[in-house]
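Residue numbers (our numbering), protein chains in the order written: chain F, 1 to 329; chain X, 330 to 665; chain W, 666 to 1253.
Positions of the beta carbon are idealized from the N, C-alpha and C atoms, including for glycine.
First comes the structure, then the notes that go with it.
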Amino acid sequence: MFYFITRRSFFAVILLFVVSIFTFWIFSALPADPAALTCGKNCRPEVIEANRARLGYDKPFLEQYGSYMKGIFVGRTYGEDESGVHCAAPSLGYSYDRHECVTSLVAKTIPVTASIALGAFVLWMFFGISLGTFAALRRGKWPDHLSNVFSVVGISFPSFFLGLLSILVFVIWTSILPFPQYVGITENPLKWLTALILPWCVLAVLSASTYIRLTRNGILEVMNEEFVRLGIAKGLPRRTLIVKYVLRAALTPIATIAGIDFAFLLGGAIVTESVFNLPGLGKLTIAAVINSDLPILVATTLVSAVFIVVANAIVDILYGYLDPRVRAK
Amino acid sequence: MTEPLLSVRDLHVSFGTSEGVVQAVRGVSFDISQGETLAIVGESGSGKSVTASAIMRLNFGADVRVSGSASLDGQDILSMSEEGVRQLRGKDIAMIFQDPLTALNPFYTVGNQIAEAYAIHHPGTSKKDLRELALDSITKVGIPEPLKRLNQYPHEFSGGMRQRIVIAMALINSPKLLIADEPTTALDVTVQAQILELISAMQEAHGSAVILITHDLGVVAEVTKRVLVMYAGRLVETASVEDAFNSPTHPYTRGLLNSVRSLDSDRHSRLEPIPGNPPSLIDLPSGCPFHLRCQYAASLNDRCRSEVPELKAVGNSWSACHLTVEELSSDLRAAT
Amino acid sequence: MKRNRIIAALAAAGIFLSACGGSGMGAQSGEESGGRSASLDGTQDGGTLHVLTVQEGASTLDPQRVYTGAELGAWGSTFTRTLTSYQPVAGEDGTNLVADMATDLGTASDDLKSWTFTLRDGLTWEDGSEVTCADIAYGVSRTFAAEVTAGEGPMYALSYLNIPEGDSDFGSAYPGPWLADEEQQALFDEAVQCDGQTITFNLQVPVADFNYTVGLLAFAPVPKDKDTADQYGLAPFSNGPFRVESYEEGVEMVLVRNENWNADSDTVRKPLLDKIIWQFGVDEAVIDERMLADAGEDKNTIVYGGILPENLQTVFGDDSLKDRRTDGFDGFVSYTMFNVETVNCLEIRQAVWLALDREALRTAAGGPFTGEFAKSFVAPLLAADYEPAKLVDGLNEDGTANVEAAVAKMEKAKEACPELHARATGEGLRFDHPDSVTWQKNIAIWIDSLGAAGIKIIDNPIEPSKYYATINGDRGDLMRAGWAADWANASTVIPELFAEDGGFNYHSNEGDPAFAAFQTKIDQAKAETDRSEQSKLWKELNQYVMDQVWSIPGSATKSQNLVGSNVRGAYQWKPFGWYNLGAIGLAG
């Protein structure tokens, strides 16, 4: 197992390295000139060139990549005179559009996105798995039909529509909830909760449908497995049978999917964050797209990639714990 | 004769499917005494496995209908509460499945699963005792290095070894009745004999009665004394193994014997498969279910097409056929 | 003046206009002033105003960088005072220049090359310290720092102040306060002189309306010890009635009352509110729903960014919203420039104008609500200098193409300039435009409608971020652009766009035989100190450009807005095309 973890972590690091160099390369190959973007309408070529040098875009690709990586570990200063800006390690660049170090911009979004992701994840896993289990165990009865309704809603309604609808119903028409405005959990837990409850529910409804289906189908499939019949033939109580035999087997593959889905969510729920006006990673990314803010885009892409690569590694290692058959290979 | 251990009467099992009702078992009755070994043979779809499952109430699904009775020590399993059946399963009646590769839970060690089989019916047993018991049981079924193997997962074992584990698990509570549903079908030929021997040996050690479900007449000859032949959900013949092999009283039994090479038969004897296919269990033919494939039916009157034959004594055997003993005997002798 | 970058980007990406049917719209655009919401009926002191916007943040709060109409007005009315500013009223009087930090509108030397302003007593920063002449001089000097202002703000300090050309990134001998050595700093100190409460600007050219120039926030003071260079815009220091309590892009900006603002020193601003909260990044569809519902705090809310096209009919079809809605010009005029050097034939330029289906272009943009067909390069908001010009003969009033007239012009061109005619009908004329979804649609209309008159177009899309930098060097035959006045004087429109040294003149028209007469008149207008006389000249010059067809006017663009029912004093402030934020109050 130790070997397994070491090997998996090693691959994750290699992968991150490849992803980072690739991301960097893609953005440097884009037609948009990051130096030209720093310049207003009254722009002179000299200003563009000066800013190019200041931000290091005049250097060859590998050197730019090198300085970027170095910045992550030791920090970086942009510009040499007194008007220069220092971004402390881990520096992910400087956004000339927002006049802030990218790291601090990204860092501010992480608690928001993490709050969204965590709450939504807990909700959707809970409802997805419990409704999926109910649906499978009461096949053809009402829980099964309810889960069908969920699935239809989840599949046919885009998150934008569902988000807007929930705002209309709960905020604008009935005023049950205030308009979502993010506040840190340490600052005001109640406000934090009221701001996040709608986005959680919207994301949960959307994703729960997938998990209901996965759980239901997984359970039905496992129920037909010979070892479950043997479990019954052994005289296992129903509860033990469901938990130890059926769920254990049915949920193990779902854990993998859930881990990756969670990582994607950590990368920012773009639509949901936009509709509910939550200043998370997704919203930062989409704003950077609109403003062609390349330093932010590079950083958010890298951060999302890190989440996904790390989640993949964790899920793989976890899977090794969950399924003895994987561990052996 | 002592009171039978298990007494099955007029067992019917049907399943509702989208295409119609599958009448898998239709009016099967038989007894098995303590310590006895009984084989149920038939082609696939004959209802033998469904019969075995019905005894443990392992037929699931929304549209399963089971009627009749199956009394173990005078208690009808089919009318018992769910909890009652549960306590019976694995303790009084245990089962060995066809495919040992899929029968074990891949997520737990074999030691855990064997111990669990005991712990279910003996709550409060200490972990240490459970471990001792599990160790003892896999040692008895002949697994080398049992101490090490106890902590391994099913995928780390070969098929034969896994079937040994299933057997160990089935016998850990010394059940009164052991149902072995095609226990060797999925295994290598070389391992089959070992497993059958093991079942026999364990049966003797625990004094359990055994119902062996198989389509393999060779297996029947190896281990059992009495045989039930099923066809299209019905019992068509019950006989001692000797009678069944030497003087089969039902045309189907005869056809079955001709279609397989028994273990001790001459290698060069010609195989004669039964012509045609078993009937659809959704749309059963009228009269004798076998009449469409029966070489004697044509020579008979319309009874085979219109009337379902009942089991009746034919010599030492019981057979469900409209043919008279004489007609059958002469023809059979000529054929064999 | 720039259009807000983010709105422009959204429009360019087709997000704004995607759901728009255009011509089928029931409600028609027509000027609406906002009714009761524009008045001060029932206003009470205090309260919190909310501003909702889809934008992730302000374009900037840095006075030397801000160049967006609405923001110039909003920051100027709240936390950044300047020497002069505009009369805080609705209507045409709103374009009247008034003294702000200065005691009067300044005194010019006879040659208009030196302007002197005297500071009022009691001007204070948010920490209570005095606003000095040196703070203003320092603020102006920041414009020269290319590494900080990056050409984002207006560049009048560079083109007007008497500092020689040099090798700074902006081409000046003075590189801004951070990079300047003593000698270079002396150059600036010579151009902007402080003497006690008096500040003198020495100019290299005569400027008749320099007192308007200093009303730009680019001429606002910045305290040197509070300056954080590129990051100053994140926490600017206030000398107005409000101060920036917090500013976080993507989240919110909170303006609170500046306790150290000295009301006695300010005859312009009459603040009523306690607090103004800008909420950034609110989804547009959500904004519209909230404004229509008008519940709770949304009663005290205004919007920065307009109404979604699909909601315009709801808003303007419902008379109960009469007191809450506005529909007006935003100060911009869009146009298409000719490269007069390569398209050196009046008949061809006229033919292009006549053949162009302007109605199709407007429909593609979203129909009448997006604007009116422009008849001047000066926006209608700049009432003093605005006069509809006489357009080319035969041009259809409804904006559709007059193919017949265009063909006739082309026939004439065949004789007048056979070479260009052959190129226009053969190889084609190159059209430069930023590469965007909107422009992919637009260029198709150009190609189709001009094709009907036999004129071919070569499509030349340019990466948006490089557009102006590109056409600065390599110009096609036609180029799209848009402009708004920098202050309430067409001196920031006609000369900027068409004259020699015009900061935004991409026409290459200096070689046109008609140019010399034009430039002479421009110089005359610039030096004219009588405002009404000057207006007359601007109108004549606008007509002159129309006659020469150096550019084809597109639309005088409009914007629509809805405010909460408690909002008062939310009038369209003409110089900026948005509300006078600092003057807004709340009723009830």
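Name the residue from the options whose alpha carbon lies nearest to the alpha carbon of residue i.
| i | options | result |
| --- | --- | --- |
| Val-1102 (chain W) | W:Thr-1157, W:Ala-1029, W:Arg-1140, W:Asp-769 | W:Ala-1029 |
| Cys-43 (chain F) | W:Leu-748, W:Gly-1168, W:Pro-886, W:Leu-1046 | W:Gly-1168 |
| Tyr-1209 (chain W) | W:Leu-1227, W:Ala-856, W:Thr-863, W:Glu-1052 | W:Glu-1052 |
| His-1172 (chain W) | W:Ala-1181, W:Leu-1143, W:Val-1158 | W:Leu-1143 |
| Gly-547 (chain X) | X:Ala-530, X:His-620, X:Gln-521 | X:Gln-521 |
| Tyr-732 (chain W) | W:Ile-972, W:Met-820, W:Trp-926 | W:Met-820 |
| Ala-767 (chain W) | W:Ile-801, W:Phe-907, W:Glu-757 | W:Ile-801 |
| Lys-234 (chain F) | X:Ala-550, X:Glu-511, X:Ser-362, X:Val-495 | X:Val-495 |
| Ile-308 (chain F) | F:Ala-263, F:Gly-320, F:Asp-316, F:Ile-185 | F:Ala-263 |
| Leu-652 (chain X) | X:Ser-588, X:Gly-605, X:Pro-580 | X:Pro-580 |
| Ile-1112 (chain W) | W:Asp-1100, W:Asp-765, W:Arg-1095, W:Pro-1099 | W:Arg-1095 |
Does any residue of chain W bring its CB to less than 7 Å from the CB of residue i?
| i | result |
| --- | --- |
| His-145 (chain F) | no |
| Lys-59 (chain F) | no |
| Glu-82 (chain F) | yes |
| Asn-148 (chain F) | no |
| Tyr-3 (chain F) | no |
| Ser-274 (chain F) | yes |
Beta strand (DSSP E) containing residue i: first to last residue?
| i | result |
| --- | --- |
| Ser-646 (chain X) | 646-648 |
| Cys-859 (chain W) | 857-860 |
| Gly-1147 (chain W) | 1143-1149 |
| Asn-1226 (chain W) | 1216-1227 |
| Ile-270 (chain F) | That residue, Ile-270 (chain F), is in no beta strand (DSSP E); its alpha helix (DSSP H) goes 270-275. |
| Ala-368 (chain X) | 366-370 |
| His-544 (chain X) | Here His-544 (chain X) belongs to no beta strand (DSSP E), and DSSP marks it neither H nor E. |
What are the boundary residues of the alpha helix (DSSP H) that includes residue i?
| i | result |
| --- | --- |
| Val-153 (chain F) | 142-156 |
| Lys-1191 (chain W) | 1180-1192 |
| Cys-633 (chain X) | 632-635 |
| His-450 (chain X) | 439-450 |
| Val-293 (chain X) | Because chain X in this structure spans residues 330 to 665, residue 293 (chain X) falls outside the shown range and cannot be described. |
| Val-222 (chain F) | 189-223 |
Quick one: is residue i near chain F, going by C-beta distance under 7 Å?
| i | result |
| --- | --- |
| Arg-386 (chain X) | no |
| Ser-591 (chain X) | Confidence in Ser-591 (chain X) is poor, its pLDDT being 47 and thus under 50, which makes the residue's placement unreliable; the coordinate value appears in the next sentence. Not one chain F Cβ lies under 7 Å of Ser-591 (chain X). |
| Ala-684 (chain W) | Here Ala-684 (chain W) scores only 29 on pLDDT, less than 50, and its place in the model should not be relied on; the value that follows carries that caveat. It does not; no Cβ of chain F falls within 7 Å. |
| Glu-348 (chain X) | no |
| Gly-689 (chain W) | Residue placement at Gly-689 (chain W) cannot be trusted, given a pLDDT of 37 that sits under 50; the coordinates are not used to answer. |
| Tyr-482 (chain X) | yes |
| Arg-418 (chain X) | yes |
Look at the Cβ atom of residue i, then the Cβ atom of residue j, and state whether they are nearer than 7 Å.
| i | j | result |
| --- | --- | --- |
| Arg-746 (chain W) | Asn-904 (chain W) | yes |
| Ile-1013 (chain W) | Ala-1089 (chain W) | yes |
| Val-370 (chain X) | Ala-383 (chain X) | no |
| Ile-611 (chain X) | Gly-349 (chain X) | yes |
| Tyr-560 (chain X) | Ser-375 (chain X) | yes |
| Gln-667 (chain X) | Ala-515 (chain X) | Nothing about residue 667 (chain X) can be reported from this structure: the residues present for chain X run from 330 to 665 only. |
| Thr-760 (chain W) | Lys-1223 (chain W) | no |
Shorter than 7 Å from the beta carbon of residue i to some beta carbon of chain X?
| i | result |
| --- | --- |
| Arg-248 (chain F) | yes |
| Leu-230 (chain F) | yes |
| Lys-234 (chain F) | yes |
| Pro-324 (chain F) | yes |
| Tyr-245 (chain F) | yes |
Identify each residue in the stretch 31-53 of chain F for which the Cβ-Cβ distance to at least one residue of chain W is less than 9 Å, and report them in chain order. If you check each beta-carbon in the stretch 31-53 of chain F against every beta-carbon of chain W, the ones closer than 9 Å belong to Pro-31, Ala-32, Asp-33, Pro-34, Ala-36, Leu-37, Thr-38, Cys-39, Gly-40, Lys-41, Asn-42, Cys-43, Arg-44, Pro-45, Glu-46, Val-47, Ile-48, Glu-49, Ala-50, Asn-51.
Members of the stretch 435-460 of chain X near chain F, C-beta cut-off 9 Å: Residues passing the 9 Å Cβ filter: Pro-435, Phe-436, Tyr-437, Thr-438, Gln-442, Glu-445, Ala-446, Ile-449, His-450.
Against chain W: residues of the stretch 152-171 of chain F by CB proximity under 7 Å: Leu-164, Ile-167, Leu-168
For the stretch 280-300 of chain F, list every residue whose C-beta sits within 8 Å of some C-beta in chain W, in sequence order. Lys-283, Leu-284, Ala-287, Ile-290, Asn-291, Ser-292
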